[in-house]
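Asker:
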Amino acid sequence: MKNYDPSSIESKWYEYWISRGFFHSEPDSREPYTIVIPPPNVTGILHMGHILNNTLQDVLVRRARMMGKNACWVPGTDHASIATEAKVVAKLAEQGIKKSDLSREEFLQHAWRWKEEHGGIILKQLRTLGASCDWDRTKFTMDPAMSESVIKVFVDLYNKGLIYRGVRMVNWDPAAQTALSDEEVIHREQQGKLYYLRYKIEGGPVDGKDSVIVATTRPETILGDVAVCVNPNDPRYTSLKGKRVIVPLVGRSVPVIYDDYVDMDFGTGALKITPAHDVNDYVLGERFGLEVIDIFNPDGTINERVGLYVGQDRFAVRDQISKDLQAAGLMEKVEDYTNKVGFSERTGAAIEPKLSMQWFVKMDGLAEPALKAVMDDTIRFVPSKYKNTYNHWMSNIKDWCISRQLWWGQRIPAYFLPAGGYVVAQTPEEALELAHRKDPSLTLADLRQDEDVLDTWFSSWLWPISVFDGIRNPDNADIGYYYPTNDLVTGPDIIFFWVARMIMAGEHFRHNKPFGAVYFTGIVRDKLGRKMSKQLGNSPDPLELIEKYGADGVRMGLMLSTSAGNDVMFDEAMCEQGRNFGNKIWNAWRLIESWQTTLSDNGHSDLCVARPTEGVPTAEQPISDRLAVEWFSSKLDSSLAEIDSLFANYRLSDALMVAYKLFWDDFSGWYLEIVKPAYGTAIHPHTLASTKLFLEKLLQILHPFIPFITEELWHSIRNREADDCVTISSMPTSQEADDRNADGGSGYAEILARFDLIREAVTAIRAIRRARNISPKEPLELKVVPDENFPAEFDAVLQKMAGLSSVEAVEGKDPEWEAFIVKTTRYFVPLPAGGIDRDAELVKLREELAYQQGFLNTVMQKLSNERFVGSAPAAIVANEQTKRSDAEARIAALKERIAQLS
RNA sequence: GGGAGUUUAGCUCAGCUGGUUCAGAGCAUCUGCCUUACAAGCAGAGGGCCGGGGGUUCGAAUCCCUCAACUCCCACCA
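In my numbering, the protein residues as written are 62 to 963.
(1) Quick check on MET426: does DSSP put it in helix, strand or coil?
(2) Note down the Cα distance separating LYS185 from PRO235, rounded to an integer number of angstroms.
(3) Nearest by alpha-carbon distance to VAL291: which of LYS333, GLY269, GLY481 is it?
(4) How would you write the range of the beta strand (DSSP E) that GLU879 sits in, first residue to last?
(5) For ARG640, count neighbouring Cβ atoms within 10 angstroms of its own Cβ and tell me buried if that reaches 16, exposed if not.
(6) Is the region 738-755 touching the region 582-592, taking contact as three or more C-beta pairs under 8 Å?
(7) How big is the Cα-Cα spacing for THR104 and ASP554?
(8) Taking the beta carbon of MET926 as the centre, do at least 16 other beta carbons fall within 10 Å, making it buried, or is it exposed?
(9) Give me the residue from ASP613, ASP548, HIS497 with the minimum Cα distance to ASN644.
(10) Quick one: grab the DSSP three-state call for ILE356.
(11) Per DSSP, which residues does HIS248 bridge with? Please list them.
(12) Within 10 angstroms of the Cβ of ILE735, are there 16 or more other Cβ atoms? Answer buried if so, exposed if not.
(13) With C-beta atoms as the reference, is ASP286 less than 8 Å away from VAL323?
(14) Could you check how far apart the C-beta atoms of ILE952 and LEU910 are, in whole angstroms? I think they sit under 8 Å.
(15) Could you check which residue in LEU241, PRO474, GLY222 has the C-alpha nearest to that of SER405?
(16) Once DSSP output is grouped into helix, strand and coil, what is the label at ALA822?
(17) Considering only their Cβ atoms, is the gap separating PHE766 from PHE816 smaller than 8 Å?
(18) Taking Cβ to Cβ, would you say ILE440 is nearer than 8 Å to ALA276?
(19) Quick check on HIS338: buried or exposed, where buried means 16 or more other Cβ atoms within 10 Å of its Cβ?
(20) Can you give me the Cβ contacts of MET921 inside the same chain, cut-off strictly under 8 Å, excluding the 5 residues immediately before and after it?
(21) Measure the C-alpha to C-alpha separation of LYS302 and VAL228 and round it to an integer number of angstroms.
(22) When we look at the beta-carbon of PHE376 and count the other beta-carbons within 10 Å, is it buried (16 or more) or exposed?
(23) Taking Cβ positions, are ASP204 and VAL135 nearer each other than 8 Å?
(24) Cα separation between ALA936 and GLN942?
(25) Using the Cα positions of PRO100 and PRO479, report the straight-line distance between them to the nearest angstrom.
(26) Who are the near neighbours of GLN466 in its chain, counting only those whose CB is closer than 7 Å to its CB and skipping five residues on each side?
(27) What alpha helix (DSSP H) runs, 4 residues minimum, are completely inside the region 483-531?
(28) Does the region 783-793 come close enough to the region 623-638 that 3 or more CB-CB pairs lie under 8 Å?
(29) Does the beta-carbon of MET418 have 16 or more other beta-carbons within 10 angstroms, so that it is buried, or is it exposed?
(30) Counting beta carbon pairs with one atom in the region 397-413 and one in the region 444-459, are three or more of them shorter than 8 Å?
(31) Among TRP469, PRO359, SER208, which residue has its Cα nearest to the Cα of GLN487?
(32) In chain order, what residues of the same chain lie with their CB nearer than 7 Å to the CB of LEU962, ignoring the 5 residues before and after it?
(33) Enumerated in chain order, which unbroken segments of the alpha helix (DSSP H) with a length of 4 residues or greater are wholly contained in the region 688-745?
(34) Count the other CB atoms, across all protein chains shown, that sit within 10 Å of the CB of VAL677; report buried if there are 16 or more and exposed otherwise.
(35) Which residue marks the beginning of the alpha helix (DSSP H) containing CYS636, and which one marks its end?
(36) Span of the alpha helix (DSSP H) holding SER208?
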């Protein structure tokens with residue numbers, strides 16, 4: 062089989078890991094590494110954003126596990142009250158059941174059944190991706206213990222005076238029929254109209270005018286008008302002082318009031334005041350003691366208050382009232398107008414500002430320590446630009462409306478008393494105790510619990526604490542060990558909803574940050590940069606992708622093109638690249654596996670492969686092998702160091718790229734090619750042993766990114782004990798070069814540099830072959846004028862990789878030799894037949910000469926500039942001097958060559 | 001209306017507190033190869049006034065100013 066087939070092994074290994082309990086964590090003496098998953102909506106299904114987010118978490122967790130940490134990734138789901146309740150309501154509607162026909166208990170039964178049937182699908186899907194979560198710790202935000210924590214926190218904050226109840230102007234979602242927090246409202250530009258309405262002046266014309274023209278985008282709200290407001294400095298309206306005007310159609314007489322809130326330049330400079338349905342109007346209404354006329358039902362239809370348009374929807378009324386005004390001659394004009402309208406984040410309905418009784422959390426005290434923790438980098442934001450966003454929001458924070466007029470969620474533990482007033486307590490029984498202080502005769506049946514539930518985020522803000530039961534049992538072993546968690550991986554879209562509030566909760570309830578760092582992912586877009594959506598049909602099904610490219614391939618594809626905070630332009634080609642890489646690894650193993658250390662007499666490989674460690678080598682290890690091992694060992698080491706530092710800065714895709722190139726270019730392209738025995742010959746046992754060791758380390762480095770294929774090959778390399786898996790192996794560290802140096806080897810920086818010179822020479826010879834159409838199989842001779850930049854020790858490697866029959870030191874050149882220079886070393890290749898094309902050669906040489914002379918000029922300019930020599934650091938100047946002498950050497954060689962040819 | 005970010009090769013992006021031959025990487029493209037691990041591959045090659053303009057400096061993709069385009073966040077102008 063030439064191609065790797067991921068599907069045949071991926072599910073096998075996931076089950077194996079689970080069966081060995083590798084992902085389960087209990088507190089022990091090791092250092093913990095903790096991540097709590099951003100809990101997806103319990104009824105949600107996996108999309109590309111989840112794939113990205115969870116792959117990132119898995120990479121971090123798997124790496125930490127291999128670095129010797131006690132890694133714990135806590136999975137779970139969120140009850141998502143509005144979204145889930147909306148889904149259940151829709152599902153019931155399909156069956157002809159209206160929510161209003163059900164009791165609370167009946168509805169909740171349906172909801173729980175729905176949750177049991179559809180809930181947690183997403184968690185199963187995460188296993189397909191390879192997510193190494195500790196499934197034994199799976200939590201749901203409405204688990205009894207989780208809900209108990211939420212209620213405990215509510216009671217606690219209430220008793221501290223941080224939660225209050227009051228009538229406020231809130232964002233009302235007429236579709237879900239609940240209040241929303243400010244964060245749940247999305248403002249979007251909308252193409253609307255600006256209507257100019259005529260308000261007749263009571264008692265006849267003033268200054269020749271019989272009416273005031275008022276501009277509004279919402280003519281239907283005139284039903285609730287209680288005043289017309291103008292700016293006191295507006296000369297157009299000074300004469301209206303003390304006058305009243307008639308609300309069109311409605312016929313209500315309302316006063317003209319004066320307040321400099323009104324912008325004289327907008328519309329006509331006259332503003333209608335509807336305190337029940339506009340935040341600003343409400344403020345003005347309070348200031349002037351105006352009546353509040355609420356004209357809407359909770360579902361956005363007109364109520365009976367005014368007796369007009371009763372029962373009709375607000376948008377239908379807008380059209381109708383516009384016509385009626387027109388007909389009555391009360392519409393001056395209508396203009397196109399673009400304005401911002403708020404919509405519900407969940408249902409998409411246009412938000413209606415509505416005055417209602419709600420519960421709020423006082424935020425300023427909570428915000429202060431939470432702001433500090435981020436600004437002084439106690440909690441690190443990656444990328445740091447989100448500190449600005451966070452700072453701005455936290456500094457202007459408003460109180461948090463936490464009550465929702467829904468049934469799915471934690472019910473607010475406030476109990477109303479028959480005689481008025483209420484008590485707040487953890488349980489009805491405790492509530493009764495409190496109630497008894499007011500009236501000892503009360504029984505449980507007299508208490509009426511608040512009908513509303515809490516905002517979903519009021520449970521998720523406790524997530525990093527409550528998953529470890531740190532609210533109910535603040536001193537338990539888990540919370541002490543795993544908290545604070547290490548990294549949080551989430552999208553910037555919920556920085557206020559969730560991240561900020563978790564920090565507040567952490568600081569308030571644990572007096573400690575909830576996590577050490579927040580890695581903000583971008584949004585997964587299609588390759589045209591469009592957001593993925595069902596409507597556009599541009600959102601691929603992750604499970605299909607996994608089936609097609611393997612989980613490793615999909616993970617790799619996403620990881621290669623994501624950096625913190627940047628959106629990912631998703632292209633299936635990326636998964637293809639990931640799959641191809643898996644194939645590359647697979648084939649590298651096939652090659653190594655085919656190598657034999659002993660051969661039978663007839664030249665064919667023995668069926669029985671000698672164990673390299675057992676056999677006594679019958680011959681010296683080839684020098685090219687020894688050098689290749691030494692070089693790759695250094696290369697591996699320097700790459701490890703690089704990867705470490707990239708991880709420290711959360712540059713995961715760069716780290717993967719380093720590993721990718723290490724495997725593909727250095728290991729497969731160079732190392733394996735150097736040590737590869739000729740067909741039909743044996744490999745030296747030492748070389749084979751080293752090669753397998755290298756492969757093992759490479760698999761370890763790659764495992765956090767592509768867990769499946771690495772585990773499969775880990776077991777192919779040798780027979781292993783049940784728990785000897787790459788998943789829980791120890792990540793190689795980058796100190797091995799030092800050990801080797803102690804044995805008398807050369808430092809690895811130097812060997813890497815020397816090897817690069819050989820690479821350049823090989824590439825140059827290959828280019829000559831290509832230009833002259835010389836087959837790679839045809840041996841060439843190489844002549845060299847050795848100097849300090851000629852890595853003579855790699856002679857054997859050079860011969861093998863460039864297909865040379867000999868490398869000979871010479872003093873000078875022959876006109877029939879093709880020449881090239883690596884750094885300062887001059888190389889020549891005698892060409893077999895036909896010789897070289899002198900003219901073409903000369904053109905090339907002269908171009909090169911011109912470039913080198915130009916380069917030398919710029920160097921000389923710097924060096925002859927006294928201010929450069931005087932002010933630049935010594936190292937920079939010395940470097941320029943080296944550049945100068947190198948260039949001069951090359952120019953001399955080029956000139957000599959040109960002289961020969963012409 | 002405020003604030004932040006982005007702009008470097010066809011695409012996606014690296015280039016940290018100015019100085020190595022600094023103009024890079026991966027992918028894509030082009031050319032030649034089915035060479036006994038891999039055509040999901042190998043070998044080679046091309047490709048960019050670093051958004052425009054100005055300034056600071058011996059020296060600018062990098063620092064400052066300005067203009068332009070795009071993106072995002074926040075904000076109660078009907």
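Even glycine gets a Cβ: it sits at the ideal position worked out from N, Cα and C.
Answerer: Let's see:
(1) Your numbering for residue 426 matches position 365 in the first sequence. It is worth fixing the name first, because residue 426 is Gly in this sequence and not Met. Helix.
(2) On the first sequence, position 124 is the one that residue 185 refers to. On the first sequence, position 174 is the one that residue 235 refers to. If you take the alpha carbons of LYS185 and PRO235, they lie about 35 Å apart.
(3) For this step, residue 291 is matched to residue 230 along the first sequence. The residue with the shortest Cα to Cα distance from VAL291 is LYS333.
(4) Residue 879 sits at position 818 when you count from the first residue of the first sequence. Taken as a continuous stretch (DSSP letters only), the beta strand (DSSP E) holding GLU879 covers 878-883.
(5) Position 579 of the first sequence, counted from the first residue, corresponds to residue 640. Buried is the call here.
(6) As far as the Cβ criterion goes, the region 738-755 does not touch the region 582-592, which means the pair count is below three.
(7) Along the first sequence, read from residue 1 onward, the residue named residue 104 stands at position 43. Along the first sequence, read from residue 1 onward, the residue named residue 554 stands at position 493. Rounded to whole angstroms, THR104 to ASP554 spans 20 Å at the Cα level.
(8) What you label residue 926 is simply residue 865 of the first sequence in a count that begins at 1. Residue identity differs from the one stated: residue 926 is Asn in this sequence, not Met. Burial call: exposed.
(9) Mapped onto the first sequence, residue 644 falls at position 583. ASN644 has its Cα closest to that of ASP613, out of ASP613, ASP548, HIS497.
(10) Along the first sequence, one-based indexing puts residue 356 at 295. Of the three classes helix, strand and coil, the one that applies to ILE356 here is coil, per DSSP.
(11) Residue numbering aside, residue 248 sits at position 187 when the first sequence is read from its first letter. In DSSP, HIS248 forms a bridge with GLY403.
(12) Translated into positions along the first sequence, residue 735 becomes position 674. Answer is buried; the Cβ neighbour count reaches 16.
(13) As a working mapping, residue 286 is identified with position 225 in the first sequence. As a working mapping, residue 323 is identified with position 262 in the first sequence. Not in contact: ASP286 and VAL323 (Cβ atoms no closer than 8 Å).
(14) Taking the first sequence and counting its residues from 1, one reaches residue 952 at position 891. Taking the first sequence and counting its residues from 1, one reaches residue 910 at position 849. Confirmed, about 7 Å.
(15) If you number the first sequence from 1, residue 405 lands on position 344. Nearest option by C-alpha distance: LEU241.
(16) Start at 1 with the first residue of the first sequence, and residue 822 comes out as number 761. The three-state secondary structure of ALA822, taken from DSSP, is helix.
(17) The residue you call residue 816 lines up with position 755 of the first sequence. The residue you call residue 766 lines up with position 705 of the first sequence. It is not a contact, given that the beta carbons lie outside the stated cut-off.
(18) Within the first sequence, residue 440 is the residue found at index 379, counting from 1. Within the first sequence, residue 276 is the residue found at index 215, counting from 1. No, Cβ-Cβ distance for ILE440 and ALA276 is not below 8 Å.
(19) Reading the first sequence from its first residue, position 277 is the one you call residue 338. With 16 or more other Cβ atoms within 10 Å, it is buried.
(20) Indexing the first sequence from 1 puts residue 921 at position 860. Same-chain partners within the cutoff: ARG945.
(21) Along the first sequence, one-based indexing puts residue 302 at 241. Along the first sequence, one-based indexing puts residue 228 at 167. Each residue's alpha carbon lies about 32 Å from the other.
(22) The residue labelled residue 376 in the question sits at position 315 within the first sequence. That one is exposed.
(23) The residue given as residue 204 occupies position 143 in the first sequence. The residue given as residue 135 occupies position 74 in the first sequence. No, these two residues do not count as a Cβ contact at 8 Å.
(24) The residue you call residue 936 lines up with position 875 of the first sequence. The residue you call residue 942 lines up with position 881 of the first sequence. Rounded to the nearest whole angstrom, the C-alpha separation of ALA936 and GLN942 is 10 Å.
(25) One-based indexing of the first sequence puts residue 100 at position 39. One-based indexing of the first sequence puts residue 479 at position 418. Near 40 Å, if we compare the C-alpha coordinates of PRO479 and PRO100.
(26) Here residue 466 corresponds to residue number 405 of the first sequence, with the count starting at 1. The answer, listed in chain order, is GLN238, THR239, ALA240, ASP513.
(27) 489-499, 518-521, 524-527
(28) no
(29) Residue 418 sits at position 357 when you count from the first residue of the first sequence. Exposed, because fewer than 16 other Cβ atoms sit within 10 Å of the Cβ of MET418.
(30) no
(31) Here residue 487 corresponds to residue number 426 of the first sequence, with the count starting at 1. Nearest option by C-alpha distance: SER208.
(32) Residue numbering aside, residue 962 sits at position 901 when the first sequence is read from its first letter. Hits under 7 Å: PRO876, ARG899, GLU902, LEU903.
(33) Here the runs fully enclosed are 713-722, 733-736.
(34) Here residue 677 corresponds to residue number 616 of the first sequence, with the count starting at 1. Low per-residue confidence applies at VAL677: pLDDT is 46, beneath 50, and the placement is therefore not dependable, though the value from the model is reported in the following sentence. Exposed is the call here.
(35) Within the first sequence, residue 636 is the residue found at index 575, counting from 1. It spans 633-655 - the alpha helix (DSSP H) in which CYS636 sits, taken as one unbroken run.
(36) Numbered from its first residue, the first sequence carries residue 208 at position 147. 205-220 is the span of the alpha helix (DSSP H), which, as asked, contains SER208.
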